[in-house]
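Single-structure report; data block below.
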Amino acid sequence: MEIQLWREILNPYELAVKEVTTKFNHLIKEHQDRGLYSPIERVEGRVKSIASILEKCQKKKIDLEDIETRIVDLAGIRVICQFVEDIDKVVEIIRNRNDMEVKQERDYIRQMKTSGYRSYHMIVYYTVDTLDGTKRLQMEVQIRTMAMNFWATVEHSLQYKYKRNIPKHIRERLLNAADAIILLDNEMSNVRSEIMDAQNSFQIKANIVADILNNIQNLYKLANKREILKIQDEFYRIYAMNDIERLERFNKQLDVIAEGYRAQSLARNG
Ligand code: 0O2
Numbered sequence: 024m025e026i027q028l029w030r031e032i033l034n035p036y037e038l039a040v041k042e043v044t045t046k047f048n049h050l051i052k053e054h055q056d057r058g059l060y061s062p063i064e065r066v067e068g069r070v071k072s073i074a075s076i077l078e079k080c081q082k083k084k085i086d087l088e089d090i091e092t093r094i095v096d097l098a099g100i101r102v103i104c105q106f107v108e109d110i111d112k113v114v115e116i117i118r119n120r121n122d123m124e125v126k127q128e129r130d131y132i133r134q135m136k137t138s139g140y141r142s143y144h145m146i147v148y149y150t151v152d153t154l155d156g157t158k159r160l161q162m163e164v165q166i167r168t169m170a171m172n173f174w175a176t177v178e179h180s181l182q183y184k185y186k187r188n189i190p191k192h193i194r195e196r197l198l199n200a201a202d203a204i205i206l207l208d209n210e211m212s213n214v215r216s217e218i219m220d221a222q223n224s225f226q227i228k229a230n231i232v233a234d235i236l237n238n239i240q241n242l243y244k245l246a247n248k249r250e251i252l253k254i255q256d257e258f259y260r261i262y263a264m265n266d267i268e269r270l271e272r273f274n275k276q277l278d279v280i281a282e283g284y285r286a287q288s289l290a291r292n293g
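Per the working numbering, the very first residue in the sequence shown carries number 24; after that it's consecutive.
So this is what it looks like as structure tokens:
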């Protein structure tokens with residue numbers, strides 16, 4: 024096939040990779056802007072090289088006219104997550120998108136490949152607008168953790184080096200490494216819940232502080248200035264201790280003080 028024809032075929036795939044990469048990057052930004060944890064750590068995209076297409080055609084006996092239907096990863100997107108739990112979230116995000124239609128899903132995480140490879144694969148239909156009009160094409164999205172990505176990248180280089188015939192002793196080492204990756208991902212998942220707990224307690228603290236400030240503001244109308252300044256100093260002292268329970272107790276004390284002032288003022292007016 025002429026080089027020009029390859030360009031024509033691959034052009035829409037290039038556009039698709041650019042668009043989808045931008046969209047996923049924007050999702051990361053949206054999470055950040057809202058102060059939310061993003062299940063996507065980073066996104067990579069590539070159009071399959073002509074050499075790699077030719078190799079696949081040879082291996083799978085695919086006619087060049089059929090590459091667009093039979094090679095589903097001409098456009099490839101890789102979504103890298105920090106934690107295994109994030110993968111299901113990304114899968115859900117993709118299933119719910121209106122600009123992508125899922126054709127196929129393969130879960131090589133729950134069902135690891137015999138090589139030790141782990142990743143979640145989705146083949147999606149995606150439409151691009153080009154000079155020649157709209158084109159609906161297939162795209163492969165691979166979703167995996169940073170640790171799975173490290174393993175796959177190293178193994179892929181070895182496949183290349185040994186022309187897909189990795190010696191037995193190296194394959195065994197790779198399988199050991201794959202087991203270690205599972206352990207690592209599990210351990211990191213435990214850290215993930217710690218992170219979530221930390222985020223949660225930060226929110227609780229923020230709410231108590233907002234409550235305390237609100238109470239102090241209300242006391243300005245009831246108590247004298249000297250007492251307010253004393254309460255403020257006490258608040259700064261307790262805040263510096265970084266102890267949520269103390270803050271909670273202090274907040275309750277403020278409720279009691281405010282209640283006392285309200286009762287006094289009722290007695291005076293009544
Ligand atoms: P490249 O060089 O990354 O583009 P199928 O006939 O459908 O079962 P197919 O089409 O190979 O087989 O699909 P599969 O098994 O889902 O693999 C698709 C892609 O996943 C591969 O593309 C690799 O990128 C990746 N992959 C699958 N298995 C392995 C593995 O054991 N090790 C690594 N490192 N990557 C893997 P390509 O075109 O094979 O390769």
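Backbone N, C-alpha and C define an ideal beta-carbon position, used for all residues, glycine too.
In this text the structure is predicted, and so the values were computed from the model without any measurement.
* When DSSP builds the beta bridges, which residues end up paired with Asp152? -> Thr157
* To do: Could you give the DSSP three-state label for Gln165: helix, strand or coil?
  => strand
* To do: Kindly give me the distance between the Cβ atoms of His144 and Glu115, rounded to whole angstroms, as I take these residues to be in contact under 8 Å.
  => In this structure His144 is not in contact with Glu115, their Cβ atoms being roughly 15 Å apart against a cut-off of 8 Å.
* **Three-state secondary structure assigned by DSSP to Val95** => coil
* **Touch test, the region 83 to 98 against the region 107 to 125, Cβ-Cβ under 8 Å, three pairs minimum** => no
* beta-carbon Glu53 near ligand 1 non-hydrogen atom, thresh 7 Å -> no
* Asked: In the structure shown, what three-state DSSP assignment does Asp86 receive?
  -> Coil, per DSSP.
* Asked: How big is the Cα-Cα spacing for Gln55 and Glu64?
  -> 11 Å
* To do: Using only the heavy atoms of ligand 1, determine whether one of them is closer than 7 Å to the beta carbon of Asp220.
  => no
* In angstroms with no decimal places, state the Cα-to-Cα distance between Glu178 and Asp130. => 19 Å
* Under 8 Å, do Ser142 and Gln165 count as touching if we go by C-beta distance? -> yes
* To do: Evaluate the contact criterion for the region 178 to 195 versus the region 117 to 126: three or more CB pairs, one atom per stretch, below 8 Å.
  => no
* Sort out for me which residues DSSP pairs Gln127 with in a bridge. => Bridge partners of Gln127: Ile146.
* Distance CB(Tyr36)-CB(Val66) smaller than 8 Å -> No, they are not a contact pair.
* Asked: Using CA coordinates, which residue listed in Thr150, Gln161 and Val102 is at the minimum distance from Lys126?
  -> Gln161
* **Validate contact between the region 235 to 249 and the region 196 to 215 using beta carbons, cut 8 Å, 3 pairs** => no
* Are the beta-carbon atoms of Tyr284 and Ala233 separated by less than 8 Å? -> no
* **Proximity test, Ala263 beta-carbon vs ligand 1 heavy atom, cut-off 7 Å** => no
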